[in-house]
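Asks: This is the structure I have questions about; it appears just below.
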Amino acid sequence: HFTLNMLSLMGLSLVVGTLVDDSIVVIENIQRHMDMGKNPLQAAIDGRKEVGMAAIAITLCDVVVFAPVSLVSGLVGQMFREFGLTIVAATMFSLIVSFTITPMLSSRLLKNQNNDEKIAPKETFLSRINSKFARKSSDKKGSFDKLVEVYRKTLIWSLDNRKKVLAFVIAGVVLSVMLIPMGMIKSEFIPVADQSSFTISLKLAPGSTLKQTDAKVSEVEKYLQGTKEVKDYFSLIGHDGESTADKSIAQIFVNLVPKGERKKSQSELASEIRTFGKKMSGVDLNVAESSSSGGSSKPVSIKIKGNDSSTIRDLSKEVEKLLNTVSGITDISNSTSSRSSELRVNIDNLAATQYKISTSNIGSVVRMALAGTNVGVYRSNNEENDITLKFENGQINSAEDLKSLMITNSAGEEIPLSQVASIQKIDGAPSISREDKQDMVSVEANIQGRVLGEVTDDINSKLKALSIPDGYSISFGGNQKQMADSFSSLGLALCASLALVYMILVVLYESFLTPFIRMMALPCAIIGAFGLLALTGQTLNLMSMIGLIMLEGLASKNGTLLIDYTNTLMKRGMNLREALIESGVTRLR
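Quick note: the sequence shown, position 44, residue 48 per the numbering used here, numbers continuous.
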């Protein structure tokens with residue numbers, strides 16, 4: 005079941021033009037037949053019939069363009085399934101409307117502009133309203149006729165200079181594609197947008213107390229209070245906002261005033277806070293900007309995999325040094341640096357035996373003191389709730405409090421924990437994950453002032469100089485992997501769309517060669533698409549890739565109608581040149 009959300013509404017907004025396009029083609033053709041002297045009913049029948057197969061082909065081309073996008077796997081499929089299927093459904097209904105309601109209304113509302121008095125439909129309320137608009141539009145007919153004449157001369161020149169036109173188009177396509185390797189069009193996963201929010205993460209040395217962490221958070225909060233662009237903030241101390249509890253970490257969630265009410269962008273403010281954080285001692289401060297996709301994870305993620313944990317830790321340090329030399333990289337973090345302090349209880353087995361205390365007894369008492377122990381279930385109104393036995397808050401705050409715990413032995417005597425065990429505070433082991441049956445360490449970073457694609461290219465060039473032992477690998481994760489996977493999926497969807505469009509056109513034109521003429525509209529559309537991306541400084545990203553796929557269905561609609569009408573005119577006896585000129589002028593409006 006689909007819902008009204010950002011993607012389905014975006015699909016509906018983008019398909020508005022497509023919804024009326026079929027009807028516009030039909031109405032214009034019916035009007036042309038009425039101008040030839042036919043009565044409205046006959047003009048509606050002939051006009052609809054003349055463009056019927058072309059309209060079906062156009063609609064089916066739109067369907068097969070968007071259907072593969074909604075059926076691909078991975079993140080793209082999850083994000084754009086509703087988007088694609090919404091457009092497919094709306095497009096199919098637009099075809100039904102153009103075949104039924106549009107001709108019926110045209111036969112009743114349209115007027116014969118060349119012979120209104122001789123042939124006119126029965127006057128109705130709607131037709132009287134329509135006649136007023138028709139008189140206003142007829143005043144502009146002279147300007148349109150001038151445009152038609154300019155187009156006719158341009159078309160004739162193009163047909164007389166085919167080699168020049170072809171050379172110009174080929175050069176335009178090549179130059180447009182070359183804009184990407186030339187660096188004039190950069191690439192990223194999802195375009196960075198000012199969401200008026202970001203998250204500040206603080207990490208102190210392992211073993212830091214809540215009081216020490218709170219003091220550092222207060223420093224940052226004081227800075228935020230002096231920043232007029234900050235609307236409000238919320239601080240979380242001793243927790244990372246997910247599942248990790250650690251007294252040495254904190255997060256501050258910052259909301260900015262609306263973008264129109266401030267001069268500085270979200271990225272500029274985040275950069276200023278990073279600069280402030282570098283001046284703070286004893287704390288590692290990172291800033292994660294909220295993206296247009298709603299997330300705030302670090303866009304650069306490099307995974308180091310292997311079988312020896314010490315070797316991959318050494319490699320991760322090398323990668324850290326490498327990232328420090330890349331322009332635009334900031335907030336570098338290494339998963340091996342994520343350590344937490346822990347209390348280790350070392351049981352004296354000899355003393356425990358003498359005091360008649362078992363190891364399991366010691367463990368259960370310590371567990372109850374720190375986390376509590378489930379001792380039963382409370383049932384009420386068909387609901388079950390666990391009963392947890394634990395110490396009151398504030399009773400166990402330090403290792404000394406643990407040492408004073410009393411443990412009951414088998415004889416019923418209470419023995420202090422300090423008599424049978426020693427407690428020491430140590431740093432926990434570094435975090436090493438497992439992936440693909442290998443140890444894995446990740447090095448992550450934020451990007452400032454650059455886009456993901458060009459930063460990734462710089463990192464790749466530097467990684468080539470890094471000596472990697474056999475059996476170990478370094479690969480990208482995070483946004484870079486998602487971008488590569490998404491672009492690959494969209495590339496396959498585009499290829500599938502092209503193949504399906506070609507098959508539909510083969511059926512329409514009854515030719516294997518003619519569809520290639522129509523499909524030449526896509527390379528020509530790339531000239532405008534890539535050229536505009538370069539001129540406006542926009543990037544090639546997930547959204548613009550979807551736009552390129554849409555071009556296959558939208559940019560070649562005119563070509564389908566043009567070729568179809570050219571074939572019709574040639575069947576009526578015109579030669580190819582005359583048919584091309586006449587169909588071009590006829591289809592201009």
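All C-beta atoms in this analysis are idealised placements derived from N, C-alpha and C, irrespective of residue type, glycine included.
1) Taking only the alpha-carbon atoms, compute the straight-line gap between L2 and V73 and give it to the nearest angstrom.
2) Hey, out of R166, P44, K150, F193, whose CA is closest to R112's CA?
3) Under a three-way DSSP split, which group does V455 fall into?
4) For G56, which option in I253, V20, L565, H243 has the closest C-alpha, if you only look at C-alpha atoms?
5) Decide yes or no for the touch test of the segment 445–453 against the segment 323–340: beta carbon pairs closer than 8 angstroms, at least 3 of them.
6) What separation, rounded to the nearest whole angstrom, lies between the Cα atoms of E556 and R36?
7) What whole-angstrom Cβ distance do S180 and F520 have, given they're in contact under 8 angstroms?
8) List the DSSP bridge partners of D443.
9) What whole-angstrom Cβ distance do S256 and S239 have, given they're in contact under 8 angstroms?
10) Give the single residue among L159, L16, S465, A425 whose Cα lies nearest to the Cα of A351.
11) As an exercise, report each continuous beta strand (DSSP E) stretch of at least 3 residues that is fully enclosed by the segment 330–358, in chain order.
12) Can you find the residues in the same chain that come closer than 8 angstroms, C-beta to C-beta, to P634, ignoring five residues on each side of it along the sequence?
13) What do you get for N9, buried or exposed, if any count of 16 or more other CB atoms within 10 angstroms of its CB means buried?
14) Considering Cα atoms alone, identify which of G41, E387, F193 is closest to T543.
15) Runs of 4 residues minimum, wholly inside the segment 370–416: which ones carry the alpha helix (DSSP H) assignment?
16) Let's see if you can read the secondary structure: which residues bound the alpha helix (DSSP H) around P107?
17) Classify E293 as helix, strand or coil using the three-state DSSP reduction.
18) Go through its chain and collect everything with a Cβ distance to A415's Cβ below 7 angstroms, but skip five positions before and after it.
19) Using C-beta distances below 6 angstroms, list every residue in its chain close to L89, excluding the 5 sequence neighbours before and after it, in chain order.
20) Between which two residues does the alpha helix (DSSP H) holding I530 run?
21) Per DSSP, G482 is paired with what?
22) Keeping to the same chain, check which residues put their C-beta closer than 6 angstroms to that of Q484; ignore five residues upstream and five downstream.
23) Would you kindly check if the distance between the Cβ of V505 and the Cβ of Y155 is under 8 angstroms?
24) Looking at the structure shown, is I361 part of a helix, part of a strand, or coil, going by DSSP?
25) Can you check which of these residues, R85, T7, V68, T63, is closest to M96 by C-alpha distance?
26) Taking buried to mean at least 16 other C-beta atoms within 10 Å of its own C-beta, is D120 buried or exposed?
27) Tell me whether V323 sits in a helix, a strand or coil according to DSSP, three-state version.
28) So which of N413, T340, G376, L183 has the shortest CA-CA distance to N365?
29) How long is the line joining the alpha carbons of N464 and L470, rounded to whole angstroms?
30) Have a look at V381, D390, K394, T357 and flag the residue whose alpha-carbon is nearest the alpha-carbon of M372.
31) So what's L183 in DSSP terms, helix, strand or just coil?
32) Got a sec, what are the start and stop residues for the beta strand (DSSP E) Y476 sits in?
33) With a 10 Å radius around its C-beta and 16 neighbouring C-beta atoms as the bar for buried, classify E418 as buried or exposed.
34) What separation, rounded to the nearest whole angstrom, lies between the Cα atoms of A375 and S362?
35) Looking only at its chain, what residues have a beta carbon closer than 6 angstroms to the beta carbon of E458, apart from the 5 residues adjacent to it on each side?
36) Which residues in the same chain as K561 place their Cβ atom closer than 6 angstroms to its Cβ, once the five residues preceding and following it in sequence are excluded?
Replies: With the structure as the only source:
1) The displayed coordinates of the chain run from 5 to 593. Any statement about residue 2 would go beyond what the structure contains.
2) Start at 1 with the first residue of the sequence shown, and residue 112 comes out as number 108. For R112, the nearest C-alpha among the options comes from P44.
3) Along the sequence shown, read from residue 1 onward, the residue named residue 455 stands at position 451. Note: V455 maps to coil in three-state DSSP.
4) The count along the sequence shown starts at 1 and reaches residue 56 at position 52. Comparing Cα-Cα distances from G56 to each of I253, V20, L565, H243, the minimum goes to L565.
5) At 8 angstroms Cβ cutoff, the stretches touch.
6) If you number the sequence shown from 1, residue 556 lands on position 552. If you number the sequence shown from 1, residue 36 lands on position 32. Distance between the alpha carbons of E556 and R36: 28 angstroms.
7) The sequence position of residue 180 within the sequence shown is 176, counting from 1. The sequence position of residue 520 within the sequence shown is 516, counting from 1. About 20 angstroms; that fails the 8 angstroms criterion.
8) Locating residue 443 in the sequence shown gives position 439, where the first residue counts as 1. Answer by DSSP bridge pairing, in chain order: G310, R438.
9) Translated into positions along the sequence shown, residue 256 becomes position 252. Translated into positions along the sequence shown, residue 239 becomes position 235. A quick correction: the sequence has Ile, not Ser, at residue 256. Indeed they touch by this definition, with Cβ atoms about 5 angstroms apart.
10) Sequence index remark: in the sequence shown, residue 351 carries index 347 (1-based). Looking at the sequence provided, one finds Ile at residue 351 rather than Ala. I351 has its Cα closest to that of A425, out of L159, L16, S465, A425.
11) 333–338, 345–351
12) One cannot answer for residue 634 here, as it falls past the ends of the chain, which runs 5 to 593.
13) Counting from 1 along the sequence shown, the entry for residue 9 is found at position 5. Flag for N9 reads exposed.
14) In the sequence shown, the residue the question calls residue 543 occupies position 539. Looking at the Cα atoms, F193 is the closest of the given residues.
15) 403–407
16) What you label residue 107 is simply residue 103 of the sequence shown in a count that begins at 1. Run containing P107: 105–113, per the alpha helix (DSSP H) assignment.
17) The count along the sequence shown starts at 1 and reaches residue 293 at position 289. Here DSSP, grouped into helix, strand and coil, assigns E293 to strand.
18) Here residue 415 corresponds to residue number 411 of the sequence shown, with the count starting at 1. Hits under 7 angstroms: K360.
19) Position 85 of the sequence shown holds residue 89. So the qualifying residues of the chain are S74.
20) For this step, residue 530 is matched to residue 526 along the sequence shown. Looking at the DSSP string, the run of the alpha helix (DSSP H) that includes I530 is 525–540.
21) Along the sequence shown, one-based indexing puts residue 482 at 478. According to DSSP, which records beta bridges pairwise, G482 is partnered with V304.
22) Taking the sequence shown and counting its residues from 1, the one referred to as residue 484 is at position 480. If we look at Q484 and ignore the five residues flanking it on each side, its Cβ neighbours are T460.
23) In the sequence shown, residue 155 corresponds to position 151, counting from 1. In the sequence shown, residue 505 corresponds to position 501, counting from 1. Result no, Cβ atoms of Y155 and V505 do not sit closer than 8 angstroms.
24) If you number the sequence shown from 1, residue 361 lands on position 357. Taken through DSSP and simplified to helix, strand or coil, I361 comes out as coil.
25) Here residue 96 corresponds to residue number 92 of the sequence shown, with the count starting at 1. Checked all of R85, T7, V68, T63; the closest Cα to M96 is T63.
26) Walking along the sequence shown from the start, residue 120 turns up at place 116. Low local confidence applies: a pLDDT of 47 at D120 is under 50, so the model's placement there is unreliable, and no value is given.
27) The residue you call residue 323 lines up with position 319 of the sequence shown. Helix, per DSSP.
28) Here residue 365 refers to the residue found at position 361 when the sequence shown is read from its first residue. Closest by alpha carbon: N413.
29) As a working mapping, residue 464 is identified with position 460 in the sequence shown. As a working mapping, residue 470 is identified with position 466 in the sequence shown. So the two alpha carbons sit approximately 10 angstroms from each other.
30) Start at 1 with the first residue of the sequence shown, and residue 372 comes out as number 368. Looking at the Cα atoms, K394 is the closest of the given residues.
31) In the sequence shown, counting from the first residue as 1, residue 183 sits at position 179. Coil, per DSSP.
32) For the purposes of this step, residue 476 is identified with residue 472 of the sequence shown, where counting begins at 1. Segment: none, Y476 is in no beta strand (DSSP E) and carries neither H nor E.
33) Along the sequence shown, one-based indexing puts residue 418 at 414. So E418 ends up on the exposed side.
34) Translated into the one-based positions of the sequence shown, residue 375 becomes position 371. Translated into the one-based positions of the sequence shown, residue 362 becomes position 358. If you take the alpha carbons of A375 and S362, they lie about 20 angstroms apart.
35) In the sequence shown, residue 458 corresponds to position 454, counting from 1. If we look at E458 and ignore the five residues flanking it on each side, its Cβ neighbours are K190.
36) For the purposes of this step, residue 561 is taken as the residue at position 557 of the sequence shown. Correct list, in chain order: I62.
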